[in-house]
Amino acid sequence: MDITGAARLLGSPESTVVRWARQGLLPCRGSYPELRFERSALERWARVTGMRGRAGQAARVDYQDDLLAAGILRGAVGSAQPTDAAKAIGFAVNQLSDLPEEARQEITDAVMERERMASTGLGRGVALPHPRRPVERWIKEPRLSVLFLEESLDWAAIDGQPVSTVLLLLSPSVPMHLELLARVSMALHDSTLVELLRSAPDAVALLERVRVIHRED
Amino acid sequence: MPGARETLGAPLQRVIDLFEAREERWGTLLVLAIVVGLLAGCLALGLHAGTEQLVHWLAPLAAGPGGIVLPACGALLGSWVVVSLMKEPAGHGVPEVVRAVCREGGRMRPRSIVSRWLGSLLHVGAGGSAGLEGPIVHSGAAVGATIADRAHLDERQRAILVACGVAAGIAGIFHAPLTGLAFSMEIVLAEVSALSLLPVVLAAAVAAALAQALHGDSTIFAAPLELSVSSTDLLLCLGLGLACGLGAVMLTRGVGWMDRLGGRLNLGRLGAPALFGVGVGLIGFFVPKALGDGYSLIHEVIAGDLSAGPWLLAGLFVAKLLASSISLGSGAPGGVFAPSLVLGALTGALFHRVIEPWIPGDQLASVGSFALAGMGGMVAGTLQAPLTGILLVMEVTGGYGASLALMATTVTSLLVARRFERWSIYMRVLAEAGDLLRPGTDQRILADVRVSECLDDAVLPINEGMTLADLVRVARRTSRNHFPVLDEDGALVGMLELSSVRELLLDPELARVTLVGTVMQEGGARVSADATLAEALAQFDAASAWVLPVVEGDRFLGLVSKSTLFGIYRNELRLQTQEG
């Protein structure tokens with residue numbers, strides 16, 4: 563391969579690769595500017611010298627993914643009429659019917675623990691319950707359980723408004739949770755979606771709007 | 139230059155001024171090198187004379203049954219002087235000098251001038267199977283260090299004077315200035331520059347000249363070196379080198395083994411020399427030639443006066459190997475140089491004896507030549523100092539024509555020895571303790587500086603119950619991006635980097651319902667406050683981080699950033715090499 567290929571392989575700028583070659587530090591053939599490198603030799607060199615290059619950390623989440631839509635697909639969309647916030651959370655968790663009883667109990671406890679610390683009602687009729695720390699044991703990918711409340715409930719939200727949409731967020735890791743939150747934040751800035759939520763849509767309609775938002779971003 | 143002016147007077151001062159170069163105080167260094175050379179040379183001669191005298195006085199005792207406990211008494215007394223009286227660590231002498239140069243800027247205590255000198259006189263004089271070279275090197279180095287302190291020299295110059303003392307010691311013993319230079323460069327100083335070379339050569343030359351003047355003989359192991367450039371000789375020398383390398387490994391491992399045995403038996407620093415000394419006495423009872431520093435045995439072998447068949451020679455070798463391993467491994471003061479020479483001479487003689495039937499008489503060099511070459515080879519293998527080995531033999535015999543043959547032996551021996559032992563007998567203990575760090579090198583700076591010197595404690599901590607909205611308020615008061623998350627006891631529970639929650643901070647609704655505890659990084663890397671720079675940087679690499687928290691146990695102390703570490707490293711580099 564040539565200098566450009568070598569630079570990409572080693573995760574370093576081309577000028578650095580040229581300098582290393584000139585200093586006799588790097589296995590190569592020929593002389594500048596016709597330097598040639600061999601992949602296996604470079605890989606061995608990188609391993610032996612511990613050069614990991616300055617390539618930026620690989621993004622843990624591919625921004626192309628529509629995380630929100632995927633989360634909803636792996637989760638659930640439904641409605642119910644619970645009598646208080648705690649029951650609402652229980653309903654939202656139970657919507658994830660593929661999870662064993664033990665899992666749903668553990669998740670409900672974790673979410674309630676968080677809810678007791680501070681209300682997740684963020685205003686405009688939406689609540690965002692989630693566990694305080696990721697429940698890695700049961701959750702391997704981000705999942706959203708959307709529960710529409712037929713009668714809005716008091717959720718001690720910041721703006722004092724009752725909540726009619728519960729978005730239960732479950733993530734396998736902190737970075738994934740942050741990313742999911744960011745997507746939710748973006749979605750909730752879309753006034754059309756907020757309007758749509760008030761009408762307790764079905765999964766298809768909800769996903770359609772979510773996908774549109776993602777495409778426009 | 140207060141020191142020189144006080145001690146040497148005005149006219150000499152004017153001469154010095156002629157040579158003074160900027161702040162390097164070259165002239166002073168040269169004059170002091172001469173002083174060190176004279177003193178170290180005297181010490182070398184004194185120790186040899188004193189030991190010979192003691193051996194002479196103790197001869198009647200040694201001949202009788204009391205001879206079995208005599209080495210033990212000597213070892214015990216010698217160790218007592220060094221360890222209890224002078225309160226110095228036990229050891230051969232040379233490793234202590236290297237450690238002083240590597241880790242303490244060459245500082246040595248004035249009492250070191252006499253501690254091992256006296257100790258080894260008692261130990262070796264009573265029959266201990268060790269050498270006087272290590273102790274002389276130690277004394278000479280201490281002389282250099284003490285004079286350097288009196289003259290208010292800086293670290294680099296002190297290291298040079300220490301090297302002068304070392305070189306002068308060796309030069310005085312063997313009447314061989316170049317050998318002294320090679321030894322001090324190869325082992326103690328490990329740097330060669332114009333500034334360091336000349337004073338050391340001067341000191342060595344002065345000491346050698348003094349030894350010659352007072353001692354008479356021009357060479358200490360006088361014998362013609364008959365090895366030439368013929369292919370027979372070269373091939374034989376390669377074989378001899380192989381034998382020496384193996385012998386060197388045996389000696390190194392033997393000493394190490396005895397050392398560990400002494401530790402395991404938990405005899406203490408005086409108990410081991412005493413008990414092991416009895417072992418030496420027993421060996422000496424059957425093989426008297428294995429006792430003492432062995433120079434008389436070397437003379438015998440070289441002169442061809444030792445009429446012994448191969449089995450007897452092998453037996454002598456084993457006896458000396460055992461006796462030296464025990465004496466040296468016990469911790470009693472004494473060096474490994476002389477035992478290496480003895481074993482080398484015996485190896486050479488044994489080799490000669492074995493080869494004799496196969497090579498026609500007129501093509502085979504004398505037993506003395508092989509013995510001498512063996513000595514060089516053994517020194518090269520045991521001390522891993524090939525130049526010292528080659529020069530020693532060349533200088534004491536005047537046999538510069540044999541250089542190629544000698545090189546074949548010493549280099550082969552070194553390669554064989556290194557195949558089995560990464561470190562020489564001197565350096566092993568230092569390397570294992572992590573003390574083998576040459577001054578002004580990268581590794582030393584990274585090992586010297588601790589994280590506690592680099593930490594930033596002007597940090598605003600947050601706790602996990604805070605919301606991100608609260609965090610915004612805190613973040614407004616600081617320009618930092620990293621926040622330690624602490625619990626009520628001040629223990630670190632996690633770290634929060636602003637950039638990871640940037641988007642959330644921009645959404646007031648979400649910021650209000652997201653807790654720090656949910657989005658912080660738990661279980662990340664933590665650096666201990668007394669970690670070295672090297673350890674800390676390794677952690678940064680492993681975590682791919684730029685800022686890490688510093689803790690003592692669980693207690694949070696502050697943050698340390700990679701960029702701060704590099705700034706401090708740069709400063710230290712400038713300070714320690716004084717070239718920036």
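Protein chains in written order, with the working numbering: chain A, 563 to 779; chain B, 139 to 718.
The beta-carbon is built from N, C-alpha and C at its ideal position, and this holds for glycine as well.
| message | Can you tell me which residues form a DSSP beta bridge with Phe-710 (chain A)? | response | A:Ser-641, A:Thr-727
| task | Check whether the region 305-317 of chain B touches the region 503-512 of chain B, counting contact only when three or more Cβ pairs, one atom from each stretch, lie closer than 8 Å. | result | Verdict: no, contact absent.
| task | Kindly indicate which three-state DSSP category Leu-644 (chain B) falls into: helix, strand or coil? | result | coil
| task | Kindly indicate if chain A contains any beta-carbon less than 7 Å away from that of Asp-594 (chain B). | result | no
| field | Pairwise C-alpha distance: Ile-285 (chain B) and Met-246 (chain B) | value | 10 Å
| task | Answer yes or no: do Val-393 (chain B) and Ala-461 (chain B) have a C-beta to C-beta separation smaller than 7 Å? | result | no
| Leu-630 (chain B): first and last residue of the uninterrupted beta strand (DSSP E) it sits in | It spans 630-635 - the beta strand (DSSP E) in which Leu-630 (chain B) sits, taken as one unbroken run.
| message | Taking 7 Å as the threshold (C-beta atoms), are Val-589 (chain B) and Ala-667 (chain B) in contact? | response | yes
| field | Partners in chain B for Ile-720 (chain A), counting only beta-carbon separations shorter than 7 Å | value | Arg-650
| field | Per-residue DSSP class, three states only, for Arg-497 (chain B) | value | One point to set straight first is that residue 497 (chain B) is Ile, not Arg, in the sequence displayed. Coil at Ile-497 (chain B), not helix or strand.
| Contact set between the region 636-649 of chain B and chain A, restricted to residues whose Cβ is under 7 Å from the partner | Ser-638, Val-639, Glu-641, Leu-642, Asp-645, Glu-647, Leu-648
| Beta carbon of Thr-547 (chain B), beta carbon of Gly-515 (chain B): below 7 Å? | In this structure, Thr-547 (chain B) places its C-beta atom within 7 Å of the C-beta atom of Gly-515 (chain B).
| query | Could one say the Cβ of Val-657 (chain B) lies closer than 7 Å to chain A's Cβ atoms, at least one of them? | reply | At least one chain A Cβ lies under 7 Å of Val-657 (chain B).
| said: Tell me which residues share the same chain as Ser-701 (chain B) and place their Cβ nearer than 8 Å to its Cβ, disregarding the 5 neighbours each side in the sequence. | reply: Trp-684
| task | Return helix, strand or coil for His-620 (chain B), following the three-state DSSP convention. | result | strand
| request: Could you confirm whether any beta carbon from chain B is found closer than 7 Å to the beta carbon of Leu-732 (chain A)? | output: No, because no Cβ of chain B sits closer than 7 Å to the Cβ of Leu-732 (chain A).
| By the criterion of Cβ-Cβ separation under 7 Å, what are the contact partners of Arg-666 (chain A) in chain B? | Near Arg-666 (chain A) there are no residues of chain B at all, since even the closest Cβ is about 20 Å away, more than 7 Å.
| Looking at C-beta atoms only, is the number of pairs between the region 204-215 of chain B and the region 248-265 of chain B that lie closer than 8 Å three or more? | yes
| message | According to DSSP, is Leu-686 (chain B) part of a helix, a strand, or is it coil? | response | strand
| field | the region 594-612 of chain B: positions lying closer than 7 Å to chain A by Cβ | value | Gly-603, Thr-605
| message | Check whether chain B comes within 7 Å of Leu-690 (chain A), counting only Cβ atoms and requiring the distance to be less than that. | response | yes
| message | I need the straight-line Cα distance from Leu-715 (chain A) to Glu-677 (chain A), nearest angstrom please. | response | Leu-715 (chain A) and Glu-677 (chain A): Cα-Cα distance of roughly 15 Å.
| task | Starting from the C-beta of Gly-205 (chain B), find all residues in its chain whose C-beta is less than 7 Å away, skip the five residues before and the five after it, and write them out in chain order. | result | Leu-199, Gly-419, Gly-422, Phe-423
| query | Of all Cβ atoms in chain B, is any one closer than 7 Å to the Cβ of Gly-685 (chain A)? | reply | yes
| query | Interface residues of chain B around Met-679 (chain A) at Cβ under 9 Å? | reply | Gly-603, Leu-653, Gly-655
| query | Under the three-state reduction of DSSP, which class applies to Arg-591 (chain A): helix, strand or coil? | reply | strand
| If you check the beta carbons only, do Thr-520 (chain B) and Leu-376 (chain B) fall under 7 Å apart? | no
| message | Any beta carbon of chain B sitting closer than 7 Å to that of Ser-747 (chain A)? | response | yes
| task | For my contact list, Ala-672 (chain A) and Pro-693 (chain A) are in at a C-beta cut-off of 8 Å; report their separation, rounded to the angstrom. | result | 4 Å
| When the distance is taken between beta carbons, is Gly-482 (chain B) closer than 7 Å to Met-513 (chain B)? | yes
| request: Could you name the residues of chain B that Val-673 (chain A) contacts, counting a contact when the two beta carbons are closer than 9 Å? | output: Those within 9 Å of Val-673 (chain A) in chain B number zero; the least Cβ separation is about 11 Å.
| query | How would you list, in chain order, the residues of chain B whose beta-carbon sits under 8 Å from the beta-carbon of Ala-744 (chain A)? | reply | What Ala-744 (chain A) touches in chain B: Glu-641, Leu-642.
| said: Out of A:Trp-717, A:Ser-659, A:Ser-574, A:Ala-608, which one is the CA nearest neighbour of Thr-682 (chain A)? | reply: A:Trp-717
| query | Between Leu-709 (chain A) and Gly-633 (chain A), is the Cβ-Cβ spacing less than 7 Å? | reply | no
| Rounded separation between Arg-553 (chain A) and Arg-745 (chain A) - CA only | This structure leaves residue 553 (chain A) out entirely; chain A is present only between 563 and 779.
| Are the C-beta atoms of Leu-740 (chain A) and some chain B residue less than 7 Å apart? | Yes, Leu-740 (chain A) lies at the interface with chain B (some Cβ there is under 7 Å from its Cβ).
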